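The structure under discussion appears below in the form of C-alpha cells.
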Amino acid sequence: RVSATFEWYARYYVESFRLPEVEVGEIDRGFAYEGFGEIDAACRRGQGPILALPHLGTWEWAAWWLALVPEFKVTAIVEPLDPPELFEWFVSFRESLGMNIVPLGPDAARASVSALEKGEVLCLVSDRDIQGTGVPVEFFGERTTLPAGPAVLALRTGSPLIPTAVYWRDGVRFADARPPLDTSRHGRMRDDVRRVTQELAREFERLISAAPEQWHMLQPNWPSDYEALGRPVPEHLRDLG
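In this text, residue positions in the sequence shown follow the numbering used here: the first is 9, and each later residue adds one.
So this is what it looks like as C-alpha cells:
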C-alpha cells in the first residue's frame with residue numbers, strides 16, 4: 009500500500025507535466041464523470057461554485073477539464089512552493105492550461121470572492137491545514153484541523169460548496185463531484201463554519217476511500233503522526249477537544 013502511494017505520486021507528476029501536450033480528444037476518450045450537472049447549473053446561474061478537493065489522484069486534471077468548457081472560467085488557489093523558481097514554473101504551467109492561479113496568502117480571500125462574484129469556478133485543495141489556522145474536525149477517526157476557507161466562502165457568498173475529486177478508476181480518469189453541502193445559516197458563523205467543515209471532512213473520507221493509494225498525503229496530518237515520528241505536536245493540533 010505504501011509503495012503504491014509513491015508510485016501514484018510519481019504518476020501524478022508524469023500526468024501533470026504532459027497535460028499541455030494532451031489533445032482534447034484524449035480527454036474525451038479517457039474521462040468519466042459524475043455530478044457535473046451541479047457545477048454546470050451553478051455556472052449557468054452566474055453563481056460561481058466552490059470545488060473543494062483533496063490531494064487525490066490527478067487533481068490538476070479537474071481544473072483543466074473544467075477550463076476546457078468554453079463557458080467556464082477557473083480560478084485555483086495554490087500553495088506556494090520552494091524554491092520560488094519552481095513555484096513560478098508551476099504557476100506558468102497551470103496558467104498555460106487556461107486557469108487563473110492565485111497563491112495562498114493575504115490576497116487569496118479577496119481573489120476568491122472576486123472569482124465567485126464573476127461566476128467563475130473556484131478550486132480549493134483543502135485536505136491539509138497548511139497555515140495551522142483551521143477548524144477542528146474528526147477525519148478518518150482522529151481529530152485534526154482542516155482549512156476554514158471553503159466553509160467561510162460558501163456561507164458568506166451563497167456559492168455552492170461541492171466536494172470533488174479526480175482519480176483513476178477502471179482505466180480512466182474519473183471526476184466525482186458530490187452534491188453541494190448544506191451551507192445555509194443555522195446559527196452563529198463560527199458554529200456554522202465548524203459544521204460545514206466537518207461535513208466536508210466526511211465527504212473527503214468518502215472520496216479518498218474510493219482510491220486511498222492515490223491520496224498524496226505525504227506530510228504529518230494528525231497528532232499521532234508527529235508522535236510516531238518523535239516530533240513535537242504543533243500547537244494548532246494540541247487539545248482539539
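Virtual Cβ for every residue (Gly too), placed ideally from N, Cα, C. Since the structure is predicted, the reported quantities are computational estimates derived from the model, not experimental observations.
By the Cβ neighbour-count rule, Y20 is buried, with 16 or more other Cβ atoms within 10 Å of its own. Only residues of its own chain outside the window of five on either side were considered, and among them F95 and F98 have a CB closer than 8 Å to the CB of L89, listed in chain order.
With respect to the 8 Å criterion, V86 and P62 are not classified as neighbours on the basis of their beta carbons. The beta carbon of E46 sits closer than 8 Å to the beta carbons of P57, P168, I170, A185, P187 and P188 from its chain, once the five residues preceding and following it are set aside; these are given in chain order. Restricted to the region 159-234, the beta strand (DSSP E) segments that are unbroken, complete and at least 3 residues in length are 169-177 and 180-185, listed in chain order. Taking the Cα positions, W176 is about 10 Å away from A218. In the DSSP annotation of this structure, the continuous segment of the beta strand (DSSP E) that includes F39 starts and ends at F39 to E42.
Per DSSP, the beta-bridge partners of F147 are E150. A straight line joining the alpha-carbon of D135 with that of L208 spans about 9 Å. The alpha-carbon separation between F147 and F14 amounts to approximately 22 Å. A straight line joining the alpha-carbon of Y41 with that of L64 spans about 15 Å. Look at L94 here: in three-state DSSP terms it is helix. Taking one beta carbon from each stretch, the region 67-82 and the region 102-109 have 3 or more pairs nearer than 8 Å; the two touch. It is roughly 11 Å from the alpha-carbon of G238 to the alpha-carbon of P231.
Residue state for A156 is assigned as coil, using DSSP reduced to three classes.
Closest in C-alpha terms to G142, from the list V129, E79 and V160, comes V160.
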